[in-house]
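Data block below; observations after.
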Amino acid sequence: MNPIISTMLITAGLSCILMVVSFWLPQMNPDSEKLSPYECGFDPLGSARLPFSMRFFLVAILFLLFDLEIALLLPLPWGGHLPDTVQTFFWATSILILLTLGLIYEWAQGGLEWAE
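The working numbering numbers the first residue of the sequence shown as 1 and each following residue consecutively.
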(Lines of atoms letter the chains of each structure in order from A and count residues from 1; the text may use other names and numbers.)
(Lines give C-alpha, C1' and ligand atoms only; values in the text may rest on other atoms or scores of the structure.)
Protein backbone atom coordinates (compact mmCIF):
# COMPACT_ATOMS: atom_id res chain seq x y z
CA MET A 1 0.00 0.00 0.00
CA ASN A 2 1.15 3.53 -0.71
CA PRO A 3 2.67 5.19 2.42
CA ILE A 4 0.69 8.38 1.87
CA ILE A 5 -2.62 6.53 1.67
CA SER A 6 -1.81 4.46 4.76
CA THR A 7 -0.86 7.62 6.71
CA MET A 8 -4.12 9.29 5.68
CA LEU A 9 -6.13 6.20 6.70
CA ILE A 10 -4.42 6.02 10.10
CA THR A 11 -5.00 9.75 10.66
CA ALA A 12 -8.67 9.52 9.69
CA GLY A 13 -9.16 6.43 11.85
CA LEU A 14 -7.56 8.01 14.92
CA SER A 15 -9.61 11.18 14.42
CA CYS A 16 -12.85 9.18 14.28
CA ILE A 17 -11.90 7.15 17.35
CA LEU A 18 -11.09 10.31 19.35
CA MET A 19 -14.38 11.96 18.33
CA VAL A 20 -16.39 8.91 19.40
CA VAL A 21 -14.53 8.68 22.73
CA SER A 22 -15.11 12.39 23.40
CA PHE A 23 -18.89 11.87 23.13
CA TRP A 24 -18.75 9.06 25.68
CA LEU A 25 -16.81 11.05 28.27
CA PRO A 26 -18.89 13.07 30.77
CA GLN A 27 -19.20 16.82 30.39
CA MET A 28 -17.27 18.76 33.02
CA ASN A 29 -18.79 21.94 34.44
CA PRO A 30 -15.92 23.92 36.00
CA ASP A 31 -16.70 26.35 38.77
CA SER A 32 -15.71 30.03 38.82
CA GLU A 33 -12.38 29.38 40.58
CA LYS A 34 -11.24 27.11 37.80
CA LEU A 35 -12.28 29.60 35.13
CA SER A 36 -10.39 32.54 36.66
CA PRO A 37 -6.75 33.01 35.65
CA TYR A 38 -4.09 32.33 38.25
CA GLU A 39 -1.17 34.74 37.99
CA CYS A 40 1.19 33.69 40.79
CA GLY A 41 -0.49 35.68 43.52
CA PHE A 42 -1.27 38.78 41.45
CA ASP A 43 -4.80 40.11 41.42
CA PRO A 44 -6.22 39.28 37.97
CA LEU A 45 -8.90 41.95 38.29
CA GLY A 46 -6.49 44.81 38.98
CA SER A 47 -4.65 47.06 36.57
CA ALA A 48 -2.31 45.44 34.09
CA ARG A 49 -0.14 48.56 33.99
CA LEU A 50 2.09 48.10 37.01
CA PRO A 51 5.22 50.22 37.47
CA PHE A 52 8.36 48.49 36.23
CA SER A 53 11.69 48.97 37.95
CA MET A 54 14.32 50.53 35.71
CA ARG A 55 17.02 48.64 37.63
CA PHE A 56 15.63 45.30 36.44
CA PHE A 57 15.58 46.63 32.88
CA LEU A 58 19.23 47.75 33.05
CA VAL A 59 20.33 44.42 34.51
CA ALA A 60 18.46 42.61 31.73
CA ILE A 61 20.15 44.75 29.06
CA LEU A 62 23.57 44.12 30.60
CA PHE A 63 22.85 40.40 30.71
CA LEU A 64 21.91 40.44 27.02
CA LEU A 65 25.09 42.32 26.12
CA PHE A 66 27.37 39.92 27.93
CA ASP A 67 25.41 36.94 26.66
CA LEU A 68 26.01 38.25 23.14
CA GLU A 69 29.69 38.64 23.99
CA ILE A 70 29.92 34.99 24.97
CA ALA A 71 28.10 33.98 21.78
CA LEU A 72 30.57 36.00 19.71
CA LEU A 73 33.60 34.58 21.50
CA LEU A 74 32.54 30.91 21.56
CA PRO A 75 33.96 30.13 18.08
CA LEU A 76 37.30 31.69 19.07
CA PRO A 77 39.14 28.38 19.71
CA TRP A 78 38.46 27.37 16.12
CA GLY A 79 39.78 30.74 14.98
CA GLY A 80 43.30 29.47 15.51
CA HIS A 81 42.88 27.20 12.50
CA LEU A 82 42.11 30.08 10.13
CA PRO A 83 44.84 31.27 7.75
CA ASP A 84 45.02 34.73 9.36
CA THR A 85 45.01 34.10 13.12
CA VAL A 86 46.32 37.58 13.93
CA GLN A 87 43.21 39.22 12.49
CA THR A 88 40.95 36.75 14.33
CA PHE A 89 42.53 37.50 17.68
CA PHE A 90 42.57 41.22 16.91
CA TRP A 91 38.78 41.24 16.44
CA ALA A 92 38.23 39.07 19.51
CA THR A 93 40.38 41.39 21.59
CA SER A 94 38.53 44.40 20.16
CA ILE A 95 35.19 42.91 21.23
CA LEU A 96 36.52 42.21 24.73
CA ILE A 97 37.99 45.70 25.11
CA LEU A 98 34.83 47.40 23.84
CA LEU A 99 32.57 45.49 26.21
CA THR A 100 34.97 45.92 29.13
CA LEU A 101 34.99 49.68 28.54
CA GLY A 102 31.18 49.62 28.43
CA LEU A 103 31.09 47.73 31.73
CA ILE A 104 33.49 50.21 33.34
CA TYR A 105 31.37 53.12 32.08
CA GLU A 106 28.18 51.52 33.41
CA TRP A 107 29.87 50.87 36.74
CA ALA A 108 31.14 54.46 36.95
CA GLN A 109 27.66 55.83 36.19
CA GLY A 110 26.22 53.75 39.04
CA GLY A 111 24.10 51.47 36.88
CA LEU A 112 25.33 48.40 38.73
CA GLU A 113 24.60 49.78 42.19
CA TRP A 114 21.38 48.24 43.43
CA ALA A 115 20.91 50.25 46.62
CA GLU A 116 21.13 54.01 46.51
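Using N, Cα and C, we set each Cβ at its ideal position, and we do this for glycine too. Predicted model, so just to flag it, every value in this text is computed and none were measured.
Check                                                                                          : Outcome
Taking the continuous alpha helix (DSSP H) assigned at L58, which residues delimit it?         : 54-73
May I have the straight-line CA-CA distance separating F57 from G111, to the nearest angstrom? : 11 Å
Distance check for W24 and P3, CA to CA, integer angstroms please.                             : 32 Å
Quick check: what's the CA-CA separation for Q27 versus S53?                                   : 45 Å
Classify E120 as helix, strand or coil using the three-state DSSP reduction.                   : What the structure shows of the chain is the stretch from 1 to 116, and residue 120 is not part of that stretch, so it cannot be assessed.
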